[in-house]
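Remarks on the structure that follows.
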Amino acid sequence: MKFSTADLTILRIRCQKCGQHSEKLVILLVRKDAMPCSNCGSRINLATPTNKLLISETAASCARVGEALMKATKLLAVIAFSASVAYAVPVRAQALKKEPDPKQLSCGEKVLVENNTCPAGQILEVTGSCLDTRPAIDTVLRGIQYHCVKWK
Ligand SMILES: [Zn+2]
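Residues in the sequence shown are numbered from 7 upward in steps of one, following my numbering.
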């Protein structure tokens with residue numbers, strides 16, 4: 007994919023005869039060695055060292071701007087993507103003071119219980135029983151599970 011602001015950048019070239027500036031798109035000047043003056047109509051030599059440098063420098067900087075724009079666009083896409091991912095990550099569950107009724111927990115649902123069952127820095131994680139659930143695929147059915155997990 008080619009992306010360049012050179013397509014849209016206008017360069018002002020000074021006519022050696024009348025001293026007026028003629029404007030042309032850089033992209034139209036890159037491969038030319040002359041252009042007509044829009045004021046007096048005389049041929050402006052683009053092959054002079056100054057004009058050559060001006061055209062190639064402008065075209066090159068346009069290409070760089072184009073590249074930077076591409077990068078910025080990609081970066082924005084990445085930011086937008088990670089933002090949507092961040093939203094998909096659930097907020098850390100709040101710890102309960104008491105273990106909930108096992109029937110309140112759905113299969114695989116995890117709750118944290120702060121009931122001093124676990125050593126310092128850890129908290130009891132209760133995973134809902136799947137014994138009452140009839141799985142669609144053949145999985146090992148598990149009852150309610152208790153684990154100590156790192157906390158704070
Ligand atoms: Zn002129």
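Note that beta-carbon positions come from the ideal geometry of N, C-alpha and C, so glycine has one too. These numbers come from a predicted model, not from an experiment.
- By the Cβ criterion, the region 19-33 is in contact with the region 42-51, since at least three pairs of Cβ atoms, one from each stretch, lie closer than 8 angstroms.
- Screening all residues for a C-beta within a distance smaller than 6 angstroms of any heavy atom in ligand 1 leaves C21, K23, C24, Q26, C43, N45, C46 and S48, in chain order.
- When rounded, the separation of the alpha-carbon atoms in N121 and H153 is 13 angstroms.
- The residue among A101, C136, K58 and S67 with its C-alpha nearest the C-alpha of C113 is C136.
- When the Cα atoms are used, R37 and L75 turn out to be separated by approximately 24 angstroms.
- Taken atom to atom, the span from the alpha-carbon of L118 to that of D107 is near 13 angstroms.
- One thing to note: S28 has its Cβ within 8 angstroms of the Cβ of M41.
- Distance from the CA atom of E131 to the CA atom of C124, rounded to whole angstroms, is 10 angstroms.
- A direct Cα-to-Cα measurement between G72 and L102 gives close to 54 angstroms.
- Setting aside the 5 residues that flank it on each side, Q128 is surrounded in the same chain by C154, V155, K156 and W157, each with a C-beta closer than 8 angstroms to its C-beta; the list follows chain order.
- For L111, there is no enclosing beta strand (DSSP E), since its DSSP letter is neither H nor E.
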